[in-house]
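Here is the structure we will look at.
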Amino acid sequence: MSLLRRLNPSIVPVSSAERMRASVGALVGIMLTGLLSRIALGDSDALPLLIAPMGASAVLLFAAPSSPLAQPWSILGGNLVSAVIGVTCALAIADPVIAAGSAIALSIALMLLLNCLHPPSGAVALTAVVGGASIHELGFWFVVSPVGLNTILLLVSAYAFNNVTGRRYPHVAPPAAPNVHGTRDPAPSQRIGVVPDDLRAVLEQYDEVVNISLEDLDALLHQAQIRAYERRSGEITCAEIMSRDVLTVSPETSLKAAWEVLVRAKIKALPVIAPDRQLVGIVTQTDFMRMSVLNQTGGLKLATRAGGLVRRPGVPRTVSDIMTRRVQSALPETMIAKLVPPMADMGLHHMPVVDHDNHVVGIITQSDLIAALFQNGRAGMATFASGYAEAG
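Given below as structure tokens:
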């Protein structure tokens, strides 16, 4: 039983919908490739419309479209390189066994060198050697058709089907969050714990092809860290730490009035709400500064004597003229751990909290988040110390 368990791969199970999506994708991809090849080449026994390796390519393209081995350069480069090597070995080496082994070995070496490793391409090289008289008669035309034609048609089918069914293809991992301050320092969340350089060093030490990209591995690890913190943090929600008595303004509020609210309350941001309290924007001190003394063409100028605002002619007059309209917000039930990446890496200092109708019900600042994390960490240490004392 233990032997069977060791032989069984630990593939993460997927939903029934994903299994159906992948199966239908392979059906569509192979059928379209065969039908279009028949239209292009006509019915002929001398020229195969489909070669067997396309079935293996379909497994990767439709069941594992995020795999580095399934990306366009992998399948296109891998198949063409292997086809050329296979035909060359078939022509140059008389013994089919030696030719087959040489074709596979050289194909793997060149695919790794060119960064286009695609496992089914090994079968392409083998087909060129042992595919029979009809394949041998094609010579290097085998590279163009059926290999090149099949590959391009299957790629186009995979591109269309995967994107229509919600799987981005080609798969591009989301870029790391840039430093919003424009410096070369990595984002705050990338400075501690496991960082991409650590992953790269471990993979280089592992020295084996891993069927996941470094960017995807980093993203998955980051999500796992957030999930683990949510579990350790006792599931603290935004509703527990948010400020509920929120000072707000409307889009029609004058800039002078909005500025006075910021100064009087000693705060740095004001959610902008419609008459029904739906969130429509946010105005911050940065918005005022951007439109004031930093604007050389005119705008609001911070008065040094009165502490208020002096208006220049031809400038914005209301909050709607300078507010940020695309606002990242949270729900009351959102775990506070999910606020760490946007507040740490995106430079957000305030996070409005809205209900499911987008009505403002609270706001969380970086200070609120830091206090909650500190209190939770201190409570965790106290619990640990208490348990340790009892155990002693």
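Read in the UniProt record's numbering, the sequence shown has 100 at position 100, and its numbers run on one by one without any break.
Just so you know, even glycine gets a beta-carbon here, dropped at the ideal spot from N, CA and C.
**Message:** Quick check: the region 271–288 against the region 344–362, are at least 3 beta-carbon pairs closer than 8 Å?
**Reply:** When C-beta atoms of the region 344–362 are compared with those of the region 271–288, three or more pairs fall below 8 Å, so the two segments count as touching.
**Item:** Simplified DSSP assignment, three categories, for LEU270
**Value:** DSSP places LEU270 in strand when its eight states are reduced to three.
**Asked** Measuring CA to CA, which of HIS171, VAL81, GLY139 is closest to LEU117?
**Response** Its Cα nearest to that of LEU117, the residue VAL81 stands out among HIS171, VAL81, GLY139.
**Item:** Three-state secondary structure assigned by DSSP to ALA330
**Value:** Under the three-state reduction of DSSP output, ALA330 falls in the strand class.
**Request:** Kindly identify the DSSP beta-bridge partner or partners of GLN278.
**Result:** DSSP, once it has assigned bridges, lists HIS359 as partnering GLN278.
**Prompt:** Less than 6 Å between the CB of VAL144 and some heavy atom of the ligand FAD, yes or no?
**Reply:** As for the ligand FAD, it is missing from this structure, which has no ligand bound.
**Message:** Using the Cβ count rule (16 or more neighbours within 10 Å means buried), how would you classify TYR169?
**Reply:** So TYR169 ends up on the buried side.
**Message:** Contact defined as beta carbons within less than 8 Å: I believe MET335 pairs with THR237. What is the distance between those atoms, to the nearest angstrom?
**Reply:** At roughly 6 Å, the Cβ-Cβ gap stays under 8 Å, so MET335 and THR237 are in contact.
**Prompt:** Closest to ALA128 by CA distance: which of LEU262, VAL24, LEU154, ALA100 is it?
**Reply:** Shortest Cα-Cα distance from ALA128 to any of LEU262, VAL24, LEU154, ALA100 involves ALA100.
**Item:** Neighbour flag for GLU215 against chain D, beta carbons, 7 Å
**Value:** Among the chains in the structure shown there is no chain D, since it carries only a single protein chain.
**Outcome for GLY42 when other beta-carbon atoms lying within 10 angstroms are tallied against a minimum of 16** = Around the beta carbon of GLY42, a 10 Å sphere encloses fewer than 16 other beta carbons of the protein chains shown; the residue is thus reported as exposed.
**Message:** Can you tell me which residues form a DSSP beta bridge with THR318?
**Reply:** THR318 is bridged to SER254.
**Prompt:** Leaving out five residues before and five after GLU204 in sequence, what residues of the same chain have Cβ atoms less than 7 Å from its Cβ?
**Reply:** Once the five neighbours on either side are set aside, GLU204 has no close Cβ partner at all.
**Prompt:** Within this structure, are the beta carbons of GLY29 and ALA123 separated by less than 7 Å?
**Reply:** Against a cut-off of 7 Å, the Cβ pair of ALA123 and GLY29 comes out as no contact.
**Message:** Is the beta carbon of LEU270 closer than 7 Å to that of VAL249?
**Reply:** When the beta-carbon positions are compared, VAL249 and LEU270 come within less than 7 Å of each other.
**Prompt:** With GLN71 and HIS222 assumed to form a contact (beta carbons below 8 Å), what rounded beta-carbon distance in angstroms separates them?
**Reply:** With a Cβ gap of about 22 Å, GLN71 and HIS222 do not count as contacting.
**Message:** In the DSSP assignment, the alpha helix (DSSP H) including MET111 goes from what residue to what residue?
**Reply:** Per DSSP, MET111 belongs to the alpha helix (DSSP H) from 96–114.
**Request:** Could you tell me whether the Cβ atoms of MET54 and GLY78 are closer together than 7 Å?
**Result:** Contact: no.
**Message:** Helix, strand or coil, according to DSSP, for GLY57 in the structure here?
**Reply:** Looking at the sequence provided, one finds Ser at residue 57 rather than Gly. If DSSP states are grouped into helix, strand and coil, SER57 belongs with the helices.
**Asked** Anyone know if the C-beta pair for ALA52 and GLY86 falls short of 7 Å?
**Response** In this structure, ALA52 keeps its C-beta atom at 7 Å or more from the C-beta atom of GLY86.
**Own chain, CB closer than 8 Å to VAL283, minus 5 neighbours either side, in chain order** = So the list reads VAL249, ALA258, ALA269, LEU270, VAL272, VAL319, ILE322, MET323, THR324, once near-sequence residues are dropped.
**Message:** Tell me which residues share the same chain as GLN328 and place their Cβ nearer than 8 Å to its Cβ, disregarding the 5 neighbours each side in the sequence.
**Reply:** PRO342, MET346, LEU348, MET351.
**Request:** Kindly indicate which three-state DSSP category SER121 falls into: helix, strand or coil?
**Result:** In this structure, SER121 counts as helix in the three-state DSSP scheme.
**Item:** DSSP three-state assignment for VAL354, whether helix, strand or coil
**Value:** The DSSP-derived three-state label of VAL354 is strand.
**Request:** Leaving out five residues on either side along the sequence, give the residues of the same chain with a beta carbon under 7 Å from the beta carbon of LEU199.
**Result:** Hits under 7 Å: LEU214, LEU217, ASP218.
**Request:** Tell me where the alpha helix (DSSP H) around LEU149 begins and ends.
**Result:** Element bounds for LEU149: 149–164.
**Message:** With a threshold of 6 Å on Cβ separation, who are the neighbours of PRO68 within its own chain once the five nearest residues in sequence on each side are excluded?
**Reply:** Contacts found: SER213.
**Message:** Within 10 Å of its beta-carbon, does ILE98 have 16 or more other beta-carbons around it, so buried, or fewer, so exposed?
**Reply:** By the neighbour-count rule (16 or more Cβ atoms within 10 Å), ILE98 is not buried but exposed.
**Request:** Report the rounded CA-to-CA distance for ARG167 versus ASP245, giving the unit in angstroms.
**Result:** The straight-line gap from Cα to Cα measures roughly 42 Å.
**Asked** How many Å lie between SER16 and GLU137 at the Cα?
**Response** CA-to-CA, the gap between SER16 and GLU137 works out to about 44 Å.
**Contacts around THR33, its chain only, beta-carbon distance under 7 Å, and the 5 residues preceding and following it disregarded** = Around THR33: LEU50, MET54, ASN150, LEU153, LEU154, SER157.
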